[in-house]
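Chains as they are written, first to last, in the numbering used here: chain A, 1 to 400; chain B, 1001 to 1263; chain C, 2001 to 2629.
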């Protein structure tokens, strides 16, 4: 069924290709870019999320009476291709703003493009701190809680652990490196007594888990910080479980509570890890209930974190466009700075100082329930509480 | 008063592979303008010997001197620069280039224009290339792709290429293998004529005894890696040792036996 | 002490899975000389099918039966691929099969997502091998022990197969001398098919056996394919024992290397390969490649410079291209610039590959170095654009001079793999050295100066440089140097015998190609306004190969057409569909089967035929080149 849809979709897309998208002139167009072909596991729920948002917005009368159209492009996981797509969206499609992206380097590439071409860009998922801080620019905003924020949330819980000997396992690229660096820095501030006894840097996507697990075990840490995810995480968990690495050790892990990463582990989910994530099954707020019902009704599937991000990206974009009442980038920036709006996680604000949204994340512990991995004892951490003070941010961000 | 050194002087050339002597203590000399044949039954060491003369193969011991200058173990391309042209038993040509271009490459190399990046190669020594091709009777084939040539024509092309640097010495490994009997005679006559006119020394190996006895000034006979006889065709023909070696194979080698490998 | 023993065993277990896949690749290459890029795809399909079967079939028998059945099923797919696709192109130019299997890989990557969905799949643990065994306080997973035993067992079975069966003797004979086996009256077709089936079976088995350890997902193929190639090359092409030793070597070096240098994994295999190839040019257990009996090109029509009419036509095409800004919008102009830059990249590889006969698998290194050259000059030294454009490519030039020196000592696939190793080393430096290169987040903000900033001006700049570069390289093909380079390609023996220092000629060609690629990279940096390690990556190197092969490796102008067609199609497809890989892969396979000489090669052949049809041509002209032996 799914396969057929894809084929029909592809055939249609090819046929329709030359004819451009027959959006009417008075429609408001958002250009959206993501790594659909490279990371379908994450971008599929993300796409479902934003499609739901578009449907809701237009059902409610569009943006100031105009219909919202999202034109979506694949970047194949390559920054250069993302820029080609961004250029097509801006130059040929005449979109009012750019949105999306998953990988940090692609987010940065599009952000730089936006800065150069003076186009508003709402980065959805990239986690790198650089996008709002060291390489931040006036045209770029970011929705998802950053690397720093996730680290700060985890440190809050981790610093309460008695463990003093820590080891780290992180994928060997910028995301892994900066996650470890921020975690270490914040952790050492709160707990000057801890020691870092080992670090492992397997290549992203190519972990040779057995030797890595052995090497970490040999250093005999009391606690482990994990930053790997996806297929690497699966291998690490499997080797770690079999070799007893996690027995009697605390594990703190980035993102592992997100259904995208937790669900594949099934009955092998390790218990008691402190993780950030999205326990959609245990969030009991009216905002989230509304979202969950709508999502399940439309797709007959449960949401992943990507669904939330996709949904809120377009909702935020619509709110910014509505407030600006214009597609002029300067007016969009003015409208977005300090704008507060509802989200399935509660109210969020796009900070004026660094264009970071205050969307938060859930921190909890992993557990096994009916042969599946879940997050328990989770609580929502507001993004605003885990960002450094304004003075520090000022220093981090280049002057526009 | 010192005597001028011979064009090619070989002294005690020895090579063994895994304990088996392929060539042992071979010594001989070759004068300018002389045509010298190196013969011997299959496996006698002719090709090994040949390859050591122009640096294709490194001898275990012994010396090769060109006009008194030691060239033992020098690289083939260096030996060529000293005026030693060579043809191969199995022809080696540039198959994707035309016949003329094959000769032009040699002329370019001779003119030390190999690293000329922006000149026009098709125009480079075009006439000279044509002349060399005429000389070997390939004038009409100049624009043919080399890959299309019949085997005998490739042999003639190799000769033209070998002549491109105005050599003093030509080393020809089975120059007429694969040719029809009439072609063989023609090619060797041509070679002999060029050699005499330009005073080029020629050393060649050959299976066809008709060719050898008709064209060689002198003959070296190699058996099991050692020289067993040396002399004029008449002397060698009458040598009982040579006859013994060739007994059973027939002194006049079967000329239909074309590409039989020697060593 | 126990720890080191366990670490060693763990390394052996990793080696076993690597060996299974590598041995299959080695066998296929040894006999058919196919650089089977799709080997990783077969590995991945093996894992997917095994996942489905082991989930459906219950019990221990279901699990192990599922694994074997999956491998058999994939072997059957392999047979079909060999018969339908590869058989048609064995006589195509060298490496053309690489193009076909690359197309297949692209399709498979999209197909598995369509069939199995986008999520990572985690399969069952192996019945009876779920736990670990205690070894002096260290745990060894029992499945690891199973793999450790399996590796040598498979090696033993393969050894028996090759030593004790008639089929094996034929395979060994074919590995050493393909032509001889054909001469012995063996049905080469079925020999090739069976060899391909065995190789694919091993790949799929390797994939299926990952189920209890790994997650099954659609990028598994790329994770393994390069590494496996490296293992095969380190061991020596066609040597099964070599593949085994290399797999153990690489895995153990990794297992112990990470204890001292935790970041070594990313680069280790390539470092090992580079060292091995420099010291032993044919790998640990390989033998020097028998001199090719046929010259690499199959061209019967010798190259010739353009006639004046053709020059006029090319000029007219350039003029038309230069008028694009009159009617095209910014997007099309930027796409046009990108295509022009890839024309530069493709012609630079073409010069090395077609003219020099040196197929580089790591040409992106010099493209990327040119781009990084710009980034360093513009961002750190703050030089103006024009100066950067002139100096930036020098970084590509220097890289090519250093790496080329070592690479041209080798030839054929070994040359290709050494260039790949160098490219990966450069890539990982760019990726790792965050302080200087920004790591994978790259260097941003490299936008062109105002004189070239508008899309139409930049387009003219890119087009102009592309035209200049193409003309210059084409002129070099017909320069004395170009003749010398072609001479070294056709026959090193003859070249050396007429005074040509083949290595120096090839090295010079390498530097020229690298510098030219650097020019492309420099423009690319300004086009995109940023530089990423991607610009040096394998996929870009493969793109370049595909462009040259697609256009026609035996032609002089194929690279230009190949670059335009491939890049335009690629950009368009990515923009139109998420399934661009499926469509592009299918297109490439179609081209391979229909135009085995590439697009331009095909056009030339048609033109040739028309010419011949009028006056009855000499029958000699049609004679294939094999007779040149």
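Beta carbons are placed, not taken as given, at the ideal position from N, Cα and C, and that holds for glycine.
Whole angstroms are fine: how far does the CA of residue j sit from the CA of residue i?
| i | j | result |
| --- | --- | --- |
| residue 2435 (chain C) | residue 180 (chain A) | 16 Å |
| residue 1167 (chain B) | residue 1161 (chain B) | 10 Å |
| residue 2339 (chain C) | residue 2563 (chain C) | 7 Å |
| residue 1142 (chain B) | residue 2167 (chain C) | 47 Å |
| residue 2437 (chain C) | residue 1050 (chain B) | 56 Å |
| residue 210 (chain A) | residue 2048 (chain C) | 22 Å |
| residue 2074 (chain C) | residue 2177 (chain C) | 28 Å |
| residue 2076 (chain C) | residue 2197 (chain C) | 7 Å |
| residue 62 (chain A) | residue 69 (chain A) | 9 Å |
| residue 108 (chain A) | residue 2369 (chain C) | 21 Å |
| residue 2216 (chain C) | residue 2541 (chain C) | 27 Å |
| residue 202 (chain A) | residue 208 (chain A) | 7 Å |
DSSP state of residue i, grouped into three classes?
| i | result |
| --- | --- |
| residue 2141 (chain C) | strand |
| residue 2610 (chain C) | helix |
| residue 2419 (chain C) | helix |
| residue 283 (chain A) | coil |
| residue 2626 (chain C) | Unreliable placement is indicated for residue 2626 (chain C), whose pLDDT of 31 sits below 50; no coordinate value is reported for it. |
| residue 93 (chain A) | coil |
| residue 2500 (chain C) | coil |
| residue 34 (chain A) | strand |
| residue 2505 (chain C) | helix |
| residue 1088 (chain B) | coil |
| residue 166 (chain A) | strand |
| residue 83 (chain A) | helix |
| residue 1156 (chain B) | helix |
| residue 2434 (chain C) | helix |
| residue 2295 (chain C) | Here residue 2295 (chain C) scores only 40 on pLDDT, less than 50, and its place in the model is too uncertain to base an answer on. |
| residue 1172 (chain B) | strand |
| residue 2489 (chain C) | helix |
Locate the alpha helix (DSSP H) running through residue i, then write down its first and last residues.
| i | result |
| --- | --- |
| residue 121 (chain A) | That residue, residue 121 (chain A), is in no alpha helix (DSSP H); its beta strand (DSSP E) goes 121–123. |
| residue 241 (chain A) | 230–243 |
| residue 58 (chain A) | 40–59 |
| residue 2039 (chain C) | 2039–2056 |
What are the boundary residues of the beta strand (DSSP E) that residue i is part of?
| i | result |
| --- | --- |
| residue 1029 (chain B) | 1020–1030 |
| residue 2072 (chain C) | Per DSSP, residue 2072 (chain C) belongs to no beta strand (DSSP E); it is in the alpha helix (DSSP H), 2059–2084. |
| residue 147 (chain A) | Per DSSP, residue 147 (chain A) belongs to no beta strand (DSSP E); it is in the alpha helix (DSSP H), 147–158. |
| residue 362 (chain A) | 361–369 |
| residue 1231 (chain B) | 1226–1231 |
| residue 1061 (chain B) | 1061–1066 |
Problem - Contact list for the segment 92–117 of chain A against chain C, Cβ threshold 7 Å - result: Taking 7 Å as the cut-off between beta carbons, the residues of the segment 92–117 of chain A near chain C are 92, 104, 105, 108, 109, 112, 113, 116, in sequence order.
Practice task
Please name the residues in the segment 2248–2278 of chain C whose beta-carbon is closer than 7 Å to at least one beta-carbon of chain A, in chain order.
Solution key: 2254, 2255, 2258, 2259, 2262, 2263, 2265, 2266
Handout entry: chain C contacts from the segment 202–233 of chain A (Cβ-Cβ distance under 9 Å)
Key = 202, 203, 204, 205, 206, 207, 208, 209, 210, 211, 212, 213, 214, 215, 217, 218, 230, 231, 232, 233
Handout entry: Short-range partners of chain B found in the segment 2494–2524 of chain C, where Cβ spacing is below 9 Å
Key = Listed by position along the chain: 2494, 2495, 2496, 2497, 2498, 2499, 2500, 2501, 2502, 2504, 2505, 2508, 2512.
Handout entry: Members of the segment 2566–2593 of chain C that neighbour chain A once the beta carbon cut-off is set at 9 Å
Key = 2570, 2571, 2572, 2573, 2574, 2575, 2576, 2577, 2578, 2579, 2580, 2581, 2582, 2583
Problem - Members of the segment 2451–2478 of chain C that neighbour chain B once the beta carbon cut-off is set at 7 Å - result: Within the segment 2451–2478 of chain C, contact with chain B at the beta-carbon level (separation under 7 Å) is assigned to 2475, 2476, 2478.
Practice task
Entirely within the segment 2115–2170 of chain C and at least 4 residues each: give me those alpha helix (DSSP H) ranges in chain order.
Solution key: 2142–2164
Problem - Contact set between the segment 1114–1127 of chain B and chain C, restricted to residues whose Cβ is under 8 Å from the partner - result: For chain C, the residues of the segment 1114–1127 of chain B that bring a beta carbon within less than 8 Å of one of its beta carbons are 1114, 1115, 1116, 1117, 1118, 1119, 1120, 1121, 1122, 1124, in chain order.
Handout entry: Near-chain C residues of the segment 67–91 of chain A (beta-carbon distance less than 7 Å), N- to C-terminal order
Key = Here the close residues are 73, 74, 76, 78, 79, 80, 81, 83, 84, 85, 87, 88, 91.
Practice task
Compile a chain-ordered list of the residues in the segment 121–136 of chain A whose CB is closer than 7 Å to at least one CB of chain C.
Solution key: 128, 130, 135
Practice task
Could you run through the segment 2523–2540 of chain C and flag, in chain order, every residue whose CB is less than 7 Å away from some CB of chain A?
Solution key: Listed in sequence order: 2528, 2529, 2530, 2532, 2534.
Handout entry: Under 7 Å (Cβ pairs) to chain C, residues found in the segment 33–54 of chain A
Key = 36, 37, 40, 41, 44
Exercise for the section: With 7 Å as the limit, tell me which residues of the segment 1094–1106 of chain B have their beta carbon closer than that to any beta carbon of chain C; keep them in chain order. Expected result: 1094, 1095, 1096, 1097, 1098, 1101, 1104, 1105, 1106
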